[in-house]
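Chemist:
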Amino acid sequence: MWQLADQFLSSRLLLGTAQYSSLAVMKEALMTARTEVITVALQRQLPAKNGGELFWDSIKSLDCHLLPNTAGCRNADEAVVTAEMARELFATNWIKLEVIGDDYNLQPDPFELVKAAKVLIQKGFEVFPYCTDDLILCQRLVDCGCRILMPWASPIGSGKGLINPYALAMLRQRFAHITLIIDAGIGKPSHATQAMELGFDGALLNTAVAIAGDAVKMASAFRDAVIAGRTAYEAGLMPERNVAHPSTSLLDTPFWLQDVS
Amino acid sequence: MITIRLNENVCTLEQECSLQEVLLREGYTNPCVAVAVNKQFIPRVQYINIFLKDGDSVEIVSPMQGG
Chain L
1 MWQLADQFLS SRLLLGTAQY SSLAVMKEAL MTARTEVITV ALQRQLPAKN GGELFWDSIK
61 SLDCHLLPNT AGCRNADEAV VTAEMARELF ATNWIKLEVI GDDYNLQPDP FELVKAAKVL
121 IQKGFEVFPY CTDDLILCQR LVDCGCRILM PWASPIGSGK GLINPYALAM LRQRFAHITL
181 IIDAGIGKPS HATQAMELGF DGALLNTAVA IAGDAVKMAS AFRDAVIAGR TAYEAGLMPE
241 RNVAHPSTSL LDTPFWLQDV S
Chain V
1001 MITIRLNENV CTLEQECSLQ EVLLREGYTN PCVAVAVNKQ FIPRVQYINI FLKDGDSVEI
1061 VSPMQGG
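Residue numbers (this note's numbering), protein chains in the order written: chain L, 1 to 261; chain V, 1001 to 1067.
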């Protein structure tokens, strides 16, 4: 078990609910992944569409913790109002704080992100900020009360994996008591494993599972990948070395030292 | 007559109405919604006390899939 905010969880894999080929596939993938936290969003409702009811019914049956996001927000004010609506709608004070600053790579706006985080924490939210791997930004978020950081591996939906492992490892080293969740850019199970091996507490992803040829099978692959990475981190990885070192001790092996002249 | 916007759609009312009346009148009967007026969140318990004025903008949202 591990602690995420005020909850104790078994799974360290957090999954998004978007882009699946159907709600049935989404549900099966989420159950196969054994995820306990899923991300959700808000959309404008049209009366004729009865928007969201089918989806709402689907996720209620999963008995997962909901992590609503503020997707689409471009400044702190929009993010705060979206978070307040999400809190009422989903009955949770958890919020995945997204404040996008660039349309091309969907990079978070660090200034508006910190501004929004400060306000939301004062309003009693548990803020999960989607941020870059910038050390100073992360420090500012921690300074204003964030107990969780969710740095990107690479831009949302890019599937590029960890483009700056050094920066991510540095975050782990500098924020030993902060919950770190890798978020965005994870394309392969091995990317998730890599982040977990660095000591991240969890991995949040969506696209890599949802648009896989077989989303359910990919969900199981990510489930196992996250477990493998975490287990390896806890076991203690060997240090990287620049010189070869024989696995088998050569002392007293056959012909030991015979050819030395 | 006053004009408001509901999710960016123009809506004409004969007089100032409560948010609750407008939501019902316009077919927003799904309880699974949250509302902001002029970019301010309005808790559900206040729908009956908020009276919409000319030029008000109402955002009505519901759950959707997200990452």
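We treat Cβ as the ideally placed atom computed from N, Cα and C, and that holds for glycine.
Please list the residues of the stretch 16-50 of chain L that have a C-beta atom closer than 8 Å to any C-beta atom in chain V, keeping them in chain order.
Modeler: Hits within the stretch, in order: G16, T17, A18, Q19, Y20, M26, T39, V40, A41, L42, Q43, R44, Q45, L46, P47, A48 and N50.
Chemist: Which bits of chain V does E84 of chain L rub up against, with CB to CB less than 7 Å?
Modeler: Those within 7 Å of E84 of chain L in chain V are F1041.
Chemist: Is it buried or exposed, W94 of chain L, if we count other Cβ atoms within 10 angstroms and call 16 or more buried?
Modeler: Looking at its Cβ environment, which holds 16 or more other Cβ atoms inside 10 Å, W94 of chain L is buried.
Chemist: With respect to the beta strand (DSSP E) encompassing Y130 of chain L, which residues constitute its N-terminal and C-terminal limits?
Modeler: Here the beta strand (DSSP E) through Y130 of chain L covers E126 to C131.
Chemist: Applying the 10 Å Cβ sphere with the 16-neighbour rule, what's the burial state of P1031 of chain V?
Modeler: Looking at its Cβ environment, which holds fewer than 16 other Cβ atoms inside 10 Å, P1031 of chain V is exposed.
Chemist: To the nearest angstrom, how far is the alpha carbon of K1053 of chain V from that of R44 of chain L?
Modeler: The straight-line gap from Cα to Cα measures roughly 21 Å.
Chemist: Taking only beta-carbon positions, decide if G52 of chain L is within less than 7 Å of chain V.
Modeler: Yes, contact with chain V.
Chemist: Output the boundary residues of the alpha helix (DSSP H) element that contains T179 of chain L.
Modeler: Looking at the DSSP string, T179 of chain L is not in any alpha helix (DSSP H); the run it does join, the beta strand (DSSP E), is T179 to D183.
Chemist: Using beta-carbon positions only, say whether G1066 of chain V and N69 of chain L come within less than 7 Å of one another.
Modeler: Taking 7 Å as the Cβ cut-off, G1066 of chain V and N69 of chain L qualify as a contacting pair.
Chemist: Is any beta-carbon of chain L found at less than 7 Å from that of I1002 of chain V?
Modeler: Closer than 7 Å: no.
Chemist: Quick one: does I1060 of chain V have its CB under 7 Å from some CB of chain L?
Modeler: Yes, its Cβ sits closer than 7 Å to a Cβ of chain L.
Chemist: Taking the continuous alpha helix (DSSP H) assigned at Q1097 of chain V, which residues delimit it?
Modeler: A question about residue 1097 of chain V goes unanswered here, because the residues of chain V that appear run from 1001 up to 1067.
Chemist: Please tell me whether P1031 of chain V has its Cβ less than 7 Å away from any Cβ of chain L.
Modeler: So, not an interface residue.
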